[in-house]
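A.B. asks: So that we are looking at the same thing, I have put the structure below in structure tokens.
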Amino acid sequence: MSEAFQSFNPGDKIAGHEDLDFGESKVVMVCVQGHEVEAILVKTEEGYLSYVNRCRHLAVPLDWGDGDVLDESGNLFLCRTHGALFRLKDGFCVSGPCQGQSLFAVPIAVEKDGIYLAEPDSAN
Ligand code: FES
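If you read the sequence shown in the working numbering, its first letter stands for residue 7, the second for the next number, and so on.
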């Protein structure tokens, strides 16, 4: 099965440390609490972060199917539909029609050999 169509379950490794450089993001399918959703995984200087790839304005992905979820600076998530901007560290919308709302976090666990999808109450 190719990675593009693979859905990860809690406990599955979703990426290796070598898969992302700092400032890079990746979109993967994950199963969270029984629901299959697209997740954004981004590697920052402060660590890995993951959110559901769904804008808080309308229920659409931030990207246009190409995994491009960061703005030009690489410091904010950008919704391509209407331009909402979200902080990387907490998914909080700082500009746009859903200002003040936050992306939904996806639980991950960072281990020596990579990043794993975690159970909702066990993320680190
Ligand atoms: S759908 Fe994301 S800002 Fe409107």
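Even for Gly, the Cβ is constructed at its ideal location relative to N, Cα and C.
No experiment lies behind these values; they were computed from the predicted model shown.
Do V58 and V48 have their beta-carbon atoms positioned less than 8 Å apart in this structure?
C.D. replies: Not a contact, by the Cβ cut-off of 8 Å.
A.B. asks: Any idea if V100 is buried or exposed, counting beta-carbon neighbours within 10 angstroms, 16 or more meaning buried?
C.D. replies: Label assigned to V100: exposed.
A.B. asks: DSSP state of H23, grouped into three classes?
C.D. replies: Correct three-state label for H23: helix.
A.B. asks: Keeping to the same chain, check which residues put their C-beta closer than 7 Å to that of R93; ignore five residues upstream and five downstream.
C.D. replies: Here the set comprises L82 and V100.
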